[in-house]
Amino acid sequence: MSVGSEPDRGSDNISSTELSEFEFTMITFFYGFSRWVEMCMNSADVRGLKALDILVMHATHSRARGFSPNEIAATLNIDDVHLVAYSIKKLLAAGLVMPVRDGRHQGYVPTEAGEAACRGYLKIREEYLLASLRHLRQDRAEINHAGRILRLLTGLYDQAGRFAVGDAASRRQIPPPPVRTKR
């Protein structure tokens, strides 16, 4: 199939062109979602946080005993735990989370200011985003189905990435030089 041609409607298999269109949509969705998260939190009178910081704060809000950076990274499907740790440092400095210890487990929970920020975010989300979805008349089944498909595709992309890296490594005869990011 050439680029720009119509997909084969008689086939259940997805074409490369259709996958490219889906991936482009996911890219624009990701940036739109990130922008929404930041704007929503700004509207809740909490400024200066990036999307990842806000998502990390919401993750701490979802668990009473506190999430460790590793648990937050796993929950959000983030490989680089240091990104989560940096977000936690920013949230600590802003007074939005605090450390808690339960035996040997160290986690982070929202402070009262963090709880208020999450409540403000949820109120604004309800008022603007959910109201818009209701206006579009999207039913729960469609939204739930889209969520299931996205979780399935997340797993497929992760698995395909691991296979691709493993396959590329097995074809290499000379190991690649180490990447240095600091002088």
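This note's numbering numbers the first residue of the sequence shown as 947 and each following residue consecutively.
All C-beta atoms, glycine included, are put in the ideal place defined by N, C-alpha and C.
These numbers were taken from a predicted model, which means no experiment stands behind them.
- Exposed is the label assigned to F1109, since fewer than 16 other Cβ atoms lie within 10 Å of its Cβ.
- Within a 10 Å sphere around the beta-carbon of H1081 sit fewer than 16 other beta-carbons, which makes this residue exposed.
- Shown here, R1086 sits in a helix according to DSSP, grouped into three states.
- With contacts defined by Cβ atoms closer than 8 angstroms, T1057 and L1042 form a contacting pair.
- Distance between Y977 and L1029, taken at the CA atoms: about 18 angstroms.
- Close CB contacts of A990 within its chain, under the 7 angstroms cut and outside five residues either way in sequence, are with A1063, G1066, Y1067, I1070 (chain order).
- For P1015 and R1050, the gap between their C-alpha atoms comes out near 14 angstroms.
- CA-CA distance, I1095 to T963, rounds to 19 angstroms.
- Spanning the alpha carbons of R981 and I1000 requires a straight line of approximately 11 angstroms.
- Distance from the Cα of L1037 is smallest, within the candidate group A1077, E984, L995, for L995.
- For T1006, the number of other beta carbons within 10 angstroms of its own is at least 16, and it is reported as buried.
- A direct Cα-to-Cα measurement between V1046 and G1053 gives close to 5 angstroms.
- For the set N959, F968, D958, the Cα lying nearest the Cα of Y1103 is the one of F968.
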